[in-house]
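Written out below as structure tokens is the structure these notes cover.
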Amino acid sequence: NWDIYALQEPHIRPNKNTISSPKFYTVYPTTRFSNPDRTSRAVTLISTSISTNAWKQIPFPSPDVVVVQIEGPTSRVTLVNIY
6 NWDIYALQEP HIRPNKNTIS SPKFYTVYPT TRFSNPDRTS RAVTLISTSI STNAWKQIPF
66 PSPDVVVVQI EGPTSRVTLV NIY
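For reference, each letter of the sequence shown is one residue, going 6 to 88 in my numbering.
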């Protein structure tokens, strides 16, 4: 079992959403609403077993990049999903 998936070229439906499990938070690029004409080519899925208090999305000006920072008790990890 994996807690985080970094997807490239996910299937994006006409409503601009991808398909995912209810057991995951779907994290889209931060430009998703500011540039709705550009399709997201990177999506990150984070397990709902990871508290939303433990991670945050970092803004990045590209529809092809998702940046998430996860913080633990002693360290911080930045995950960058680049198409």
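Don't be surprised by glycine CBs; every beta carbon is placed ideally from N, CA and C.
Bear in mind that the values here come from a model prediction, so they are computed numbers and not experimental data.
Neighbourhood of residue i by C-beta, 6 Å cutoff - its chain only, sequence neighbours within 5 removed
i, result
"VAL72", "ILE63, PHE65 and VAL85"
"ILE9", "ILE51"
Backbone secondary structure at residue i - three-state DSSP
i, result
"ARG18", "coil"
"SER52", "strand"
"TRP60", "strand"
"ASN40", "coil"
"ASN86", "strand"
"ILE24", "coil"
"ARG81", "strand"
When the options are compared against residue i, the one with the closest alpha-carbon
i, options, result
"ILE17", "THR49, THR44 and ARG37", "THR44"
Beta-carbon contacts of residue i that lie in its chain and below 8 Å, excluding the five residues immediately before and after
i, result
"VAL32", "VAL48, THR49, LEU50, ILE51, GLN62, VAL71 and VAL73"
Opening and closing residue of the beta strand (DSSP E) in which residue i lies
i, result
"THR31", "29-32"
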